[in-house]
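Novice: The sequence shown begins at 63 in my numbering and counts up one residue at a time. Every residue, glycine too, gets a C-beta built ideally from N, C-alpha and C. Computed from a predicted structure; not experimentally measured.
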Amino acid sequence: MLHEVIEKVKTDQNGLFAFLELIADGYPDRSAVAFLCIGTDRSTGDSYGPLVGMMLKERGWPNVVGTLEQPCDALSYETAVHSLANAGVIIAVDACLGKPGSTGKYICTPGALKPGEATKAGLPSAGHYSIAGIVGENGPKPYWVLQTASLYQVLQMAKLTADAIERAWGAQPFAAQRETKFQWL
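1. What are the partner residues of V155, as DSSP defines its beta bridges?
2. Sorted by chain position, which residues of the same chain lie with C-beta nearer than 7 angstroms to S251's C-beta, five sequence neighbours on each side aside?
3. Determine which residues share a DSSP beta bridge with P124 and list them.
4. Does the stretch 134-148 come close enough to the stretch 173-191 that 3 or more CB-CB pairs lie under 8 angstroms?
5. Alpha carbons only, please: which of L130, E83, Y191 is nearest the one belonging to L217?
6. State the Cα-Cα distance for the pair I227 and E83, rounded to the nearest angstrom.
7. Quick one: what's got a C-beta closer than 8 angstroms to Q215's C-beta in the same chain, skipping five residues either side?
8. Label K161 either buried or exposed according to how many other C-beta atoms from any shown protein chain fall within 10 Å of its C-beta, with 16 as the threshold for buried.
9. Use the C-beta contact count for N125: other C-beta atoms within 10 angstroms, 16 or more gives buried, fewer gives exposed.
10. With burial defined as no fewer than 16 other Cβ atoms inside 10 Å of the residue's Cβ, what is the status of K35: buried or exposed?
11. Could you pull the start and end residues of the beta strand (DSSP E) that T171 belongs to?
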């Protein structure tokens with residue numbers, strides 16, 4: 063099983079890609095892969111998951127739960143997890159807080175992700191694999207850190223994550239990636 067090959071690691075974008083590439087080798091069918099992108103659009107730091115979800119949806123990924131438009135936040139989390147019960151493999155994506163100097167890195171783990179650890183949300187774990195983007199330093203005021211995280215850095219991290227996912231599974235042609243979501247008035 064892949065879990066024997068992959069260990070929990072704090073890494074940069076290259077390690078993130080290597081982690082995803084190992085998963086893609088084990089699960090090459092994109093339609094069997096689901097992404098549970100946890101977070102909210104109401105907090106800069108906690109928007110990492112929904113930003114990744116939005117970018118994956120825009121690129122044509124079929125099984126994505128949690129976007130800026132429809133976030134997978136604490137209120138909708140358990141329903142979202144149940145909606146993915148039949149997925150072949152679930153990759154959970156969420157923001158997290160880390161040690162000083164680790165902002166901008168990723169914690170990649172085989173196994174479930176437990177969301178809301180820094181804020182003591184008490185939500186159940188989910189996912190077969192997990193990616194936690196470190197958006198700030200953990201401390202006595204986690205909500206404040208999440209609220210004041212750099213939007214630029216969170217956007218860059220989300221883009222790197224979506225790009226790494228595309229590279230790991232092989233990018234689709236441009237025409238297949240886009241879905242028109244507007245109408246001329």
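Specialist: According to the data block:
1. Answer by DSSP bridge pairing, in chain order: C99, I193.
2. For the chain, the structure presents residues 63 to 247; residue 251 sits outside this window and is missing.
3. DSSP links P124 through a beta bridge to no other residue.
4. Segments in contact, yes.
5. Measuring from the Cα of L217, the nearest candidate turns out to be L130.
6. The straight-line gap from Cα to Cα measures roughly 8 angstroms.
7. Cβ contact annotation for Q215 (same chain, cutoff 8 angstroms, sequence separation greater than five): T165, G166, V197, in chain order.
8. Under a 10 Å Cβ-count criterion, K161 is classified as exposed, with fewer than 16 other Cβ atoms of the shown protein chains found around its own Cβ.
9. Note on N125: 16 or more other CB atoms within 10 angstroms of its CB, so buried under the neighbour-count rule.
10. Any question about residue 35 goes unanswered here, given that the chain covers just 63 to 247.
11. In this chain, the beta strand (DSSP E) harbouring T171 covers 168-172.
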